[in-house]
Amino acid sequence: MNTHPDEEWDIELTPDSSWCDLKIREVWSYRDLLLLLVRRDFVSFYKQTLLGPLWFFIQPLFTTIIYTFVFGGLADISTDGLPQPLFYMAGITAWNYFSDCLLKTSSVFTANAGLFGKVYFPRLIVPLSIVVSNLIRFGIQMLLFFVMMGYFAYSGHTFSPNLYLLLFPLLLLLMAMLGLGLGMIISAMTTKYRDLSFLISFGVQLMMYLTTVVYPLSTVKAKYPQYQWLVEYNPMTSIIEAFRYGFLGEGTFTVTSLLITSVSTIIILLLGIIIFNRVERNFIDTV
Amino acid sequence: MSTVIKIENLSKAYQLGNIGTGTISRDLERSWAKLRGKEDPFLKIGEVNNRAIKGTSDVVWSLNDISFNVEQGDALGIIGRNGAGKSTLLKLLSRVTAPTAGKVKIKGRIASLLEVGTGFHPELTGRENIYLNGAILGMRKTEITRRFDEIVDFSGVERYIDTPVKRYSSGMYVRLAFAVAAHLECEIMIIDEVLAVGDAEFQKKCLGKMGDISKGEGRTVLFVSHNMGAVQNLCNKGLILDRGNLGFIGNINLAVNNYITKHLTQSVAKQWEVENAPGNSYAKLRSAKVYNPINDTDDNIDIASGFAVEFIINILTEQLNQLDITYHLVDELGVLVKVASTAFSMEPLYLKESVIKVESTFPANILNQGIYTLSRVLVVKDRGHILTEWNDVLSFEIHPLQSNYLGWQSEKEGVLKLSDLSWKITTDYVD
Numbered sequence: 022m023n024t025h026p027d028e029e030w031d032i033e034l035t036p037d038s039s040w041c042d043l044k045i046r047e048v049w050s051y052r053d054l055l056l057l058l059v060r061r062d063f064v065s066f067y068k069q070t071l072l073g074p075l076w077f078f079i080q081p082l083f084t085t086i087i088y089t090f091v092f093g094g095l096a097d098i099s100t101d102g103l104p105q106p107l108f109y110m111a112g113i114t115a116w117n118y119f120s121d122c123l124l125k126t127s128s129v130f131t132a133n134a135g136l137f138g139k140v141y142f143p144r145l146i147v148p149l150s151i152v153v154s155n156l157i158r159f160g161i162q163m164l165l166f167f168v169m170m171g172y173f174a175y176s177g178h179t180f181s182p183n184l185y186l187l188l189f190p191l192l193l194l195l196m197a198m199l200g201l202g203l204g205m206i207i208s209a210m211t212t213k214y215r216d217l218s219f220l221i222s223f224g225v226q227l228m229m230y231l232t233t234v235v236y237p238l239s240t241v242k243a244k245y246p247q248y249q250w251l252v253e254y255n256p257m258t259s260i261i262e263a264f265r266y267g268f269l270g271e272g273t274f275t276v277t278s279l280l281i282t283s284v285s286t287i288i289i290l291l292l293g294i295i296i297f298n299r300v301e302r303n304f305i306d307t308v
Numbered sequence: 134m135s136t137v138i139k140i141e142n143l144s145k146a147y148q149l150g151n152i153g154t155g156t157i158s159r160d161l162e163r164s165w166a167k168l169r170g171k172e173d174p175f176l177k178i179g180e181v182n183n184r185a186i187k188g189t190s191d192v193v194w195s196l197n198d199i200s201f202n203v204e205q206g207d208a209l210g211i212i213g214r215n216g217a218g219k220s221t222l223l224k225l226l227s228r229v230t231a232p233t234a235g236k237v238k239i240k241g242r243i244a245s246l247l248e249v250g251t252g253f254h255p256e257l258t259g260r261e262n263i264y265l266n267g268a269i270l271g272m273r274k275t276e277i278t279r280r281f282d283e284i285v286d287f288s289g290v291e292r293y294i295d296t297p298v299k300r301y302s303s304g305m306y307v308r309l310a311f312a313v314a315a316h317l318e319c320e321i322m323i324i325d326e327v328l329a330v331g332d333a334e335f336q337k338k339c340l341g342k343m344g345d346i347s348k349g350e351g352r353t354v355l356f357v358s359h360n361m362g363a364v365q366n367l368c369n370k371g372l373i374l375d376r377g378n379l380g381f382i383g384n385i386n387l388a389v390n391n392y393i394t395k396h397l398t399q400s401v402a403k404q405w406e407v408e409n410a411p412g413n414s415y416a417k418l419r420s421a422k423v424y425n426p427i428n429d430t431d432d433n434i435d436i437a438s439g440f441a442v443e444f445i446i447n448i449l450t451e452q453l454n455q456l457d458i459t460y461h462l463v464d465e466l467g468v469l470v471k472v473a474s475t476a477f478s479m480e481p482l483y484l485k486e487s488v489i490k491v492e493s494t495f496p497a498n499i500l501n502q503g504i505y506t507l508s509r510v511l512v513v514k515d516r517g518h519i520l521t522e523w524n525d526v527l528s529f530e531i532h533p534l535q536s537n538y539l540g541w542q543s544e545k546e547g548v549l550k551l552s553d554l555s556w557k558i559t560t561d562y563v564d
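So the protein lines, in turn, are chains A and B. Counting from 1 along the first sequence, just add 21 to a position and that's the residue number in this note's numbering. Counting from 1 along the second sequence, just add 133 to a position and that's the residue number in this note's numbering.
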């Protein structure tokens with residue numbers, strides 16, 4: 022390979038890169054950048070706004086109110102016997118984290134073309150920073166969820182948080198990985214085919230209705246047993262069902278379904294990283 | 134000295150025209166060929182990058198089979214015309230894009246400055262942006278903290294350091310950005326004409342800092358610029374790129390001279406027919422020439438002859454306007470030597486629809502030898518409003534005198550000849 026064994030090169034640039042080089046070490050050496058990007062996202066979000074981080078509350082709160090009115094009140098969809106606002110808020114909080122990660126990562130290349138065209142750093146840092154900054158937002162929304170849980174417990178509703186709460190870190194990780202993985206696959210493809218960026222915002226909305234955000238899995242199983250696979254094999258469904266079960270004591274999931282979700286999530290993430298790293302090398306020529 | 138950058142048969146192809154329609158079928162065809170281990174069908178038909186000639190294929194080789202080494206501590210100036218592949222080379226080296234063929238091997242950390250202030254966020258303060266920009270350019274947080282005071286000091290925006298950069302003047306913005314870049318801890322630095330910013334004082338400071346980086350600190354610098362003066366000042370080696378090919382690599386003075394003589398094509402006279410004369414609805418240039426005013430020929434303009442310039446211009450304005458004819462004379466490094474204008478030396482001239490012949494004589498023994506260019510020729514209305522402008526109209530050489538009176542053939546001693554300065558020397562001077 023190297024004709025001069027005494028020569029040590031730090032960087033070698035070649036037309037083709039190895040498929041399985043995930044560049045994790047390089048990403049680690051840029052960890053400071055990741056934190057600074059997260060800080061930038063957070064600070065720039067509330068600068069020159071009156072309500073600042075309060076905005077993080079407003080969106081889930083109003084969505085919950087609307088869902089309670091439309092799906093709970095008008096359509097009268099079952100909520101597994103849980104207080105409706107609590108049921109929706111659990112779904113919305115989890116879904117929002119996933120969809121924010123997915124939507125923002127899916128435009129990484131096109132949104133950062135200017136930056137990527139001028140300087141090199143492992144591009145993976147940017148999607149990772151998105152996942153982490155959304156974590157802050159998710160944390161704040163969880164606070165709102167806890168406040169609501171407290172309120173409903175105080176006003177005499179019964180729901181039973183249980184040991185499955187311990188699954189929470191795993192669920193969070195799965196949502197992050199799934200959003201990241203799918204987002205990276207789409208972002209890699211949008212560099213050439215912009216059609217996908219139109220598809221994605223509308224696709225995410227449709228996908229929400231295939232996930233148990235506004236209805237419980239038990240209802241689907243009861244009403245449409247022939248279509249239940251559509252909802253059940255959606256990786257986000259078992260995450261949200263497990264999330265609800267842990268915090269509120271109602272939800273339909275099995276260890277198997279969670280395992281399937283975990284495996285498919287890992288596959289999607291690995292695929293995402295590989296595709297992302299391939300595209301990163303040349304995307305600036307085609308973007 | 135050791136080699137820090139080794140470039141082997143480096144090539145980069147770009148696709149011209151629209152990317153988008155029909156790319157899926159094309160991509161499939163490409164990957165099919167790759168799978169079978171064949172050459173990429175769309176790269177075979179590539180051709181030399183010449184933007185002036187319309188090519189037959191839509192793949193162009195922006196860099197074509199380039200090999201060279203850069204030693205540690207070298208300051209390599211990369212020169213070439215627009216589209217010669219300079220920026221592509223820098224992009225490849227700074228890893229913004231990957232090569233189509235060939236290899237680059239690099240030893241040490243590399244920092245590229247293709248733009249000043251990459252990643253600056255307007256809402257963040259100067260302090261926050263220093264950290265963010267530094268991290269984007271590859272510094273660790275601790276390194277930035279260590280050099281923070283130096284950076285702020287160099288930028289000279291201390292007072293505003295906790296103000297969002299969107300409140301900065303563009304000059305301050307650039308100062309801060311350059312300061313971060315100049316204090317990067319790296320072994321190799323890649324710089325693309327970022328010096329065309331900031332005021333004169335700051336530009337000087339930047340050039341000085343870059344000189345320190347390459348000469349004082351023993352770091353390797355790659356520098357792309359059209360400013361031959363800056364390149365010559367800063368670099369010890371030069372590389373000429375010509376339409377994607379390596380034209381020359383070696384001593385910087387040789388490279389610059391080589392580039393100037395080859396690429397500043399001299400033309401002492403030009404003429405146009407009425408139909409294709411350059412210009413607009415106000416005026417068209419019919420002919421321009423430079424000649425020796427002593428013997429009226431266009432060759433052998435030398436220091437002692439001076440030169441004369443003659444334009445024939447079709448003035449097309451229907452109203453009577455006060456017009457002036459102005460030209461800018463630059464030397465081979467692009468330095469403005471003289472702005473000559475009828476406005477400086479004549480009574481106001483009122484003109485409408487006519488053909489005019491403008492002659493001016495540049496006195497002898499003012500300019501030294503060299504290649505000079507009429508970089509701009511202007512028709513100006515009312516002493517300030519530019520009606521028409523022609524660029525790089527003529528280039529000509531002022532030849533040195535056969536031998537000067539000291540009896541030795543000197544190198545060029547600046548732009549000005551003016552040998553008769555007044556001197557006074559006091560001996561045994563006590564302050």
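Here a beta-carbon is modelled for each residue, glycine too, at the ideal position from N, C-alpha and C.
Cutoff 6 Å; reference residue i; Cβ partners in own chain excluding five residues on either side
i      : result
A:H178 : P104
A:R158 : F77
B:V563 : none
A:G94  : none
B:E406 : none
B:F381 : I373, A388 and N391
Exposure of residue i, with buried meaning 16 or more beta-carbon neighbours within 10 Å
i      : result
A:G293 : buried
A:M110 : buried
B:S220 : buried
A:Y214 : exposed
B:S552 : exposed
A:Y172 : exposed
A:L184 : exposed
A:Y245 : exposed
B:I263 : buried
A:T277 : exposed
A:I87  : exposed
CB contact flag (residue i, residue j, <7 Å)
i      : j      : result
A:L34  : A:S150 : no
B:K485 : B:T450 : yes
A:F19  : A:F167 : Outside the displayed range of chain A (22 to 308) lies residue 19 of chain A, so it cannot be described from this structure.
A:L188 : A:A263 : yes
A:F78  : A:L165 : yes
B:A217 : B:D375 : yes
B:G503 : B:E465 : yes
B:D435 : B:V401 : no
A:I221 : A:A115 : no
B:K370 : B:I393 : no
B:I277 : B:G289 : no
A:M169 : A:L71  : no
A:V48  : A:L145 : yes
A:T286 : A:P256 : yes
B:L418 : B:I448 : no
Assumed close pair residue i, residue j - CB separation to whole angstroms, cut-off 8 Å
i      : j      : result
A:M205 : A:I288 : Contact flag wrong, Cβ pair sits at about 13 Å.
A:Y141 : B:V229 : 6 Å
B:I499 : B:K557 : The Cβ separation is near 23 Å, so there is no contact.
B:Y293 : B:Y306 : Actually they are not in contact, since the Cβ atoms of B:Y293 and B:Y306 sit about 10 Å apart, beyond 8 Å.
B:L462 : B:A473 : 7 Å
B:I520 : B:Y415 : Checking the sequence shown, residue 520 of chain B turns out to be Leu, not Ile. Indeed they touch by this definition, with Cβ atoms about 4 Å apart.
Own chain, CB closer than 7 Å to residue i, minus 5 neighbours either side, in chain order
i      : result
B:L196 : L143, S144, K145, G218, T221, L222 and G377
B:E291 : V285
Nonlocal neighbours in the same chain, by C-beta distance under 8 Å from residue i, ignoring five residues either side
i      : result
A:V62  : Inspection of the sequence shows that residue 62 of chain A is occupied by Asp rather than by Val. Cβ within range, chain order: S150, I151 and S154.
B:D426 : Here residue 426 of chain B turns out to be Pro, not Asp, going by the sequence shown. The residues are S438, G439, F440, A441 and T494.
B:L379 : I199, S200, F201, L372 and I373
Which runs of the beta strand (DSSP E) spanning at least 3 residues fall entirely within the stretch 178-264 of chain B, listed in chain order?
192-204, 208-212, 234-239 and 243-246
Which residue spans inside the stretch 328-395 of chain B form an unbroken alpha helix (DSSP H) run of at least 4?
333-344 and 361-367
Could you give the uninterrupted runs of the alpha helix (DSSP H) lying entirely in the stretch 232-303 of chain A, keeping only those of 4 residues or more?
238-244, 249-253, 256-269 and 276-301
Please list the segments of the alpha helix (DSSP H) lying wholly inside the stretch 154-223 of chain A, counting only runs of 4 or more residues, in order along the chain.
189-211
Residue ranges of each alpha helix (DSSP H) within the stretch 464-548 of chain B, 4 or longer:
475-478
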